[in-house]
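Visitor: UniProt numbering numbers the first residue of the sequence shown as 1 and each following residue consecutively.
Where is the CB? At the ideal position from N, CA and C, for every residue including glycine.
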Amino acid sequence: MDNINCDFSPMKKNLENGIKHIIHLLESNLQVLSNQNYCVLGSLENIKNELNTIESTAASYYLNCYLSSFTDTYNDLSSTVQHLSKLKHGALIIVERGDSIETIIQKGTTIGAMVTPKLLGSIFYPGNPLHDGAVLIRGNVVVSAANVLPLTNKVFEGRKLGTRHRAALGISEQSDALALVVSEETGKISLALNGNLYPINTTQPIIF
């Protein structure tokens, strides 16, 4: 991710502690590696799982950092995607940053209303005609909904991405926009930025 300057202290502290713990576990394994009676495979598996958790926590932290730089409604956006995640309501939200994406997308229905959890929740409610496309947010405003985005051509070995995730990656490859995705199959939240997809930790609340 890009170099940024922000500080959401509680989450940053959790991230620091997690990284320090991983370092401690790695050093412990290194010390016992010469012991033929000790197999580090089980411990390495645990370390891998903890790394996945740390990556998710880091993505949550940086999500807040990036959103807070381009919209005052980052708290509403974070709480909205967590609520949609619990309900397993699929969603795709694009936050425009420096690059205009008007010429990249197929524009859907104009909204022109302030960002609120209630509005976003209603748009992505199953059965709503607008829920399948992407919502475009510029500043603090929901510009439009049901937008069609370019799809990525990336192939992920052993992993099949749905249309929402491919669209999130596609727009992040062609612009500096940030994309939030909620999977309707699993409820998991992902962040797409600069052509990469990052998991967002939903096992603990996002703290500001």
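Closest by CA to S100, which one among K12, L63, S68, A177?
Guide: For this step, residue 100 is matched to residue 100 along the sequence shown. Among K12, L63, S68, A177, the Cα nearest to that of S100 belongs to A177.
Visitor: What are the complete alpha helix (DSSP H) segments, minimum 4 residues, inside the stretch 73-151?
Guide: Counting whole runs of 4 or more residues, the stretch 73-151 contains the alpha helix (DSSP H) stretches 74-87, 117-123.
Visitor: Can you give me the C-alpha to C-alpha distance between L161 and K188, rounded to a whole angstrom?
Guide: Here the question's residue 161 lines up with position 161 in the sequence shown. Here the question's residue 188 lines up with position 188 in the sequence shown. Rounded to the nearest angstrom, the two C-alpha atoms are 13 Å apart.
Visitor: Please name the residue or residues paired with I189 in a DSSP beta bridge.
Guide: Numbered from 1 along the sequence shown, position 189 holds the residue referred to as residue 189. V182, I200.
Visitor: How should F208 be labelled, buried or exposed, when 16 other C-beta atoms within 10 angstroms of its C-beta is the threshold for buried?
Guide: Here residue 208 refers to the residue found at position 208 of the sequence shown. Low local confidence applies: a pLDDT of 31 at F208 is under 50, so the model's placement there is unreliable, with the coordinate-based value given in what follows. Result: exposed.
Visitor: Tell me the residue span of the alpha helix (DSSP H) that contains S34.
Guide: Within the sequence shown, numbered from 1, the residue matching residue 34 stands at position 34. Element bounds for S34: n/a, residue is neither H nor E.
Visitor: Kindly indicate which three-state DSSP category L169 falls into: helix, strand or coil?
Guide: In the sequence shown, residue 169 corresponds to position 169, counting from 1. Reduced to three states, the DSSP call for L169 is helix.
Visitor: With distance defined between alpha-carbon atoms, name the residue in G98, P126, L63, Q106 nearest to L87.
Guide: Numbered from 1 along the sequence shown, position 87 holds the residue referred to as residue 87. Of the candidates G98, P126, L63, Q106, the one whose C-alpha sits nearest the C-alpha of L87 is P126.
Visitor: Helix, strand or coil: how does DSSP classify R159 here?
Guide: Looking up residue 159 in the sequence shown gives position 159. In this structure, R159 counts as coil in the three-state DSSP scheme.
Visitor: Here's the rule: buried if 16 or more other CB atoms are within 10 angstroms of the residue's CB, otherwise exposed. What is N196?
Guide: Counted from its first residue, the sequence shown places residue 196 at position 196. Looking at its Cβ environment, which holds fewer than 16 other Cβ atoms inside 10 Å, N196 is exposed.
Visitor: Report the CB separation of S144 from I111 in whole angstroms; it is logged as a contact under 8 Å.
Guide: For this step, residue 144 is matched to residue 144 along the sequence shown. For this step, residue 111 is matched to residue 111 along the sequence shown. About 6 Å separates the two Cβ atoms, so the contact holds.
Visitor: Report the rounded CA-to-CA distance for residue 212 versus N153, giving the unit in angstroms.
Guide: An answer regarding residue 212 cannot be provided, because it is not within the stretch 1 to 208 covered by the chain.
Visitor: Among E50, S122, V40, whose alpha-carbon lies nearest the alpha-carbon of H21?
Guide: Reading the sequence shown from its first residue, position 21 is the one you call residue 21. Of E50, S122, V40, the residue nearest in Cα terms is E50.
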